[in-house]
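Residue numbers (full-length UniProt numbering): 1 to 246.
Ideal placement from N, C-alpha and C gives every residue a C-beta, glycine not left out.
Just below is one structure, and these are the notes that go with it.
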């Protein structure tokens, strides 16, 4: 895997070693991809950042000081990092942040499959393969999902930003009338689109709302927390997704 990385991601001119020419060609590819012409601020910024990454890599890996990083030098450097990941080097951190920012074309703080494939395919990899790689890279396993929610259940005060966003998104989605509350019809309309019988959704709402006609955002937030944190099978929060059996 490490040997493949040198050929696929760094040795742009396929010479068998990494040198400054590879980084210069990478800069050209990146700026062409993003539409940053020579002389533009982004072009200059990219050039300066990539050369800092190269100098950092060269200073750490080029042990014979010949201006190139061989496969052996590359593997020795990563072997040392594998034995002690706390020794992460400045150039590695710079490169990681550079690649994330490059792929995050929408500048929204996240990378999606299209953004990922657009950048990675410019290095010669088939776009479809890049999209499949993203699906594998971004996949969250059942165990990882359960571990995350188990930690939240033990300490709900550790709620993460995406969890809060998702709760608010679901409330706003269900509040079709935009009056700050959800009623049984609104609730059932959304939950039934996931395949649950509409009547079951309406019954779930009655249990969730404890007989009230409407649920406010504040009440929904408490029910949301209860769904993930409570161990009581009869807790009203268990019904927030419209199911009577779970």
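- Message: Taking the beta carbon of residue 2 as the centre, do at least 16 other beta carbons fall within 10 Å, making it buried, or is it exposed?
- Response: The pLDDT assigned to residue 2 is 45, lower than 50, so where the model puts this residue is not dependable; a value taken from the coordinates is nonetheless given after this. By the 10 Å Cβ count, residue 2 comes out exposed.
- Query: Does the pairing of the region 96–108 with the region 128–148 give three or more beta-carbon distances under 8 Å?
  - Reply: Result no; under three Cβ-Cβ pairs closer than 8 Å.
- Query: Whose C-alpha, out of 17, 219, 16, 43, is nearest the C-alpha of residue 29?
  - Reply: Residue 43 is the option with its Cα nearest to residue 29.
- For the candidate residues 231, 33, 232, whose alpha-carbon lies nearest to that of residue 123? When 231, 33, 232 are compared, the shortest CA-CA separation from residue 123 is found for 33.
- Message: For a minimum of 3 consecutive residues, which ranges assigned as the beta strand (DSSP E) are wholly contained in the region 153–198?
- Response: Counting only runs of 3 or more, we get 181–183.
- If you draw a straight line from the alpha carbon of residue 231 to that of residue 191, how long is it in whole angstroms? Put simply, the backbone Cα of residue 231 is about 23 Å away from that of residue 191.
- Task: Counting only the same chain and skipping the five closest in sequence on each side, list residues whose C-beta sits under 7 Å from that of residue 180.
- Result: Within the same chain, residue 180 has close Cβ partners 216, 217.
- Message: I'd like the span of the beta strand (DSSP E) that includes residue 216, first residue to last.
- Response: 214–216 is the extent of the beta strand (DSSP E) around residue 216.
- Item | residue 178 versus residue 169: straight-line alpha-carbon distance, rounded | Taking the Cα positions, residue 178 is about 13 Å away from residue 169.
- Is it the case that the Cβ atoms of residue 182 and residue 220 are separated by a distance below 8 Å? Cβ atoms of residue 182 and residue 220: closer than 8 Å.
- Message: Taking the alpha helix (DSSP H) that residue 124 belongs to, which residues open and close that run?
- Response: Careful: residue 124 lies outside any alpha helix (DSSP H) and carries neither H nor E.
- Drop a sphere of 10 angstroms on the beta-carbon of residue 141, count the other beta-carbons inside from all chains shown, and report buried for 16 or more, exposed for fewer. That one is exposed.
- Query: Which term fits residue 96, buried or exposed, when burial requires 16 or more other beta carbons within 10 angstroms of its beta carbon?
  - Reply: Burial call: exposed.
- Take residue 53 and list the residues in its own chain whose beta-carbon comes closer than 6 Å to its own, dropping the five residues that flank it on each side. Closer than 6 Å at Cβ, skipping near neighbours: 91, 94, 95.
- Task: Thinking residue 17 and residue 69 are a contact (beta carbons under 8 Å), I'd like their distance in whole angstroms, please.
- Result: That belief holds up - the Cβ atoms of residue 17 and residue 69 are roughly 6 Å apart, short of 8 Å.
- Backbone CA spacing between residue 66 and residue 139 [nearest angstrom]: Distance between the alpha carbons of residue 66 and residue 139 is about 41 Å.
- Reduced DSSP secondary structure (H/G/I, E/B, other) of residue 30: In the three-state reduction of the DSSP assignment, residue 30 falls in the helix class.
- Message: What does the Cβ neighbour count give for residue 117, buried or exposed, with the cut at 16 atoms within 10 Å?
- Response: Buried, because 16 or more other Cβ atoms sit within 10 Å of the Cβ of residue 117.
- Go through the region 70–97 residue by residue and report every complete run of the alpha helix (DSSP H) that reaches 4 residues or more, in order. Complete alpha helix (DSSP H) runs here, min 4: 71–83.
- Query: residue 145: buried (16+ other C-beta within 10 angstroms of its C-beta) or exposed?
  - Reply: Exposed, because fewer than 16 other Cβ atoms sit within 10 Å of the Cβ of residue 145.
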